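Residue numbers (the numbering used here): 67 to 632.
These notes are about the structure you will find just below.
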Ligand code: GLY
């Protein structure tokens, strides 16, 4: 608590804001923070070979897909936020999965019209068309310096030599073992005698190595067209899915304009729709801008944050969806006038029951996704959040491919008002339609201030956005990368109408005070997120990498070598 409160008192102090020393053109060294040592090392290896941050991102992403199959991979999708230093521009690569063309709005409703969650979460029907392979090809071709054969080499080598099954792999597999056992190819890759492998078991994946080699040799066509695409489609259809070769051949990444937010002297660059993250972040920061929150007491400040979160998540449920299909009122949601209206509805000392704001509810399952952050010594920045949705995706491997498919279809509003696996509700804007991208919470972000630049993001389903909000505030207050990744978390998402809090987020007296205001605080042993932060100090050129101690990722930079997990 003290470490959370103290920086507040220093926050945005004149000393911090007055340090407008000119930004050096380049960091002194590169930094990478990812959820896994193998992935961070793969990125460092590619940088050492002369690659830039974008080549390193290809290496990190492909390695995470191998060694963290519960979180992300070639069968899933992701968002890539780039700052291209040489061109002075930011780019958002949308490699989100798309609904197959045969998808229909009510495809997960049973005869009584009830949502059948088993179908939207488990097996072939839950899988949207993967976007990550196309994203890697696009990233390498348009922004990288090395051919895919070089940036994918560490992952290919590791797939053949083997990697050690770790505690996170095992913990997440515990949740999904029974479903995964239904897919013989998945069971062969990830189970041993039908059970979760012991920690330290050497895992090899020859099929994954071959799939990456095909991607290296033929680019995205090696995945989305030809024999490999036919094999994927056949495997999905034999397992009860609805993919066609047209779905794969028709997949393309989209470059979108990132969302920019100005807040207390900092520029925040973040994810636009089909992520809900940037819009919700902008709404929350705009609401908070009206308060001198860095100088408020912990309880009063937390109350305002909770009320801002509640309102932003209400709007997420009502308005947001794939921008290629629905026109969300983004300009309104991030406007000063709208924020002033929301502020007027916030009582300074009383919680607003979510029932008083129009909306919806849930029972969140444990989400899984992965984020990594990179700064290279040219000043290029990369923030990638990638996912297969729930742990081990839809738990299905098509024989001969080496990767799990996603269950991203569950990120659609399967039925208006019925919560998804994260307890998030939605309406028409996020209804299923052929070729549409499901709304996401993934929020890869940059923070650029007078004296520092940070790259950050995290997995965590619906809680991603509030984690990034708290992380940004801590960074603006001057916290270091490791402290930000470790900071205690609290969250409100409109429905259910509870403040979820990690055990160290509030003292008992603070919980009492918040409850006296009408907040229902659920604090417990549960933790969430796996935040990865790289922080570049302009004055010295130092680069710090901070990694979330909750799951022990690995950050490497000039000033920090964080905990190592192998
Ligand atoms: N699958 C989690 C998200 O995209 O928000």
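Ideal Cβ placement from N, Cα and C applies to all residues, glycine included.
This one's a predicted model, so the numbers in the text were calculated from it and none came from an experiment.
Rounded separation between residue i and residue j - CA only
i	j	result
residue 299	residue 355	50 angstroms
residue 427	residue 421	Reliability of the predicted coordinates at residue 427 is poor, the pLDDT of 41 falling under 50, and no value is obtained from them.
residue 564	residue 281	45 angstroms
residue 293	residue 330	53 angstroms
residue 323	residue 267	43 angstroms
residue 612	residue 448	15 angstroms
residue 411	residue 532	20 angstroms
residue 84	residue 336	Low confidence applies to residue 84: its pLDDT is 36, below 50, so where it sits in the model is not reliable, and the reading given next is rough at best. Roughly 25 angstroms separates the two Cα atoms.
residue 201	residue 319	6 angstroms
residue 119	residue 203	15 angstroms
residue 138	residue 303	22 angstroms
residue 502	residue 344	19 angstroms
residue 475	residue 607	43 angstroms
residue 402	residue 358	16 angstroms
residue 311	residue 289	11 angstroms
residue 333	residue 315	38 angstroms
residue 192	residue 309	11 angstroms
residue 166	residue 505	15 angstroms
residue 325	residue 258	45 angstroms
residue 547	residue 96	14 angstroms
residue 279	residue 111	18 angstroms
residue 244	residue 271	21 angstroms
residue 162	residue 434	15 angstroms
Sequence-distant residues of the same chain with beta carbon closer than 7 angstroms to residue i, five excluded per side
i	result
residue 87	Caution applies to residue 87, whose pLDDT of 44 falls short of 50 and renders its modelled position unreliable; the value that the coordinates give is listed next. Hits under 7 angstroms: 517, 604, 605.
residue 566	556, 557, 588
residue 445	91, 92, 93, 151
residue 459	141, 142, 470, 471, 472, 473
residue 129	104, 105, 108, 220, 221, 224
Spatial neighbours of residue i in its chain, beta-carbon cut-off 6 angstroms, leaving aside the 5 residues before and after
i	result
residue 264	none
residue 396	345
residue 594	526, 529
residue 156	149, 324, 335
residue 122	109, 112, 113, 440
Helix, strand or coil at residue i according to DSSP, with G and I counted as helix
i	result
residue 586	coil
residue 171	coil
residue 204	helix
residue 519	strand
residue 164	strand
residue 344	helix
residue 294	helix
residue 561	coil
residue 547	helix
residue 598	strand
residue 286	coil
residue 138	coil
residue 508	coil
residue 230	strand
residue 150	strand
residue 603	strand
residue 333	strand
residue 95	coil
residue 556	strand
residue 526	coil
residue 393	coil
residue 156	strand
residue 189	coil
residue 475	helix
residue 438	strand
residue 612	strand
C-beta atoms of residue i and residue j nearer than 8 angstroms
i	j	result
residue 436	residue 600	no
residue 158	residue 373	no
residue 451	residue 523	yes
residue 141	residue 306	no
residue 246	residue 256	yes
residue 144	residue 197	yes
residue 394	residue 386	yes
residue 467	residue 277	yes
residue 560	residue 283	no
residue 509	residue 534	yes
residue 596	residue 101	yes
residue 644	residue 169	Nothing about residue 644 can be reported from this structure: the residues present for the chain run from 67 to 632 only.
residue 370	residue 381	no
residue 251	residue 465	yes
residue 249	residue 461	yes
residue 147	residue 507	no
Own chain residues within Cβ distance below 8 angstroms of residue i, not counting five before or after
i	result
residue 78	Per-residue confidence for residue 78 stands at a pLDDT of 36, beneath the threshold of 50, marking its modelled position as unreliable; the derived number appears in the next sentence. Within the same chain, residue 78 has close Cβ partners 330, 331, 360, 542, 543.
residue 116	211, 212
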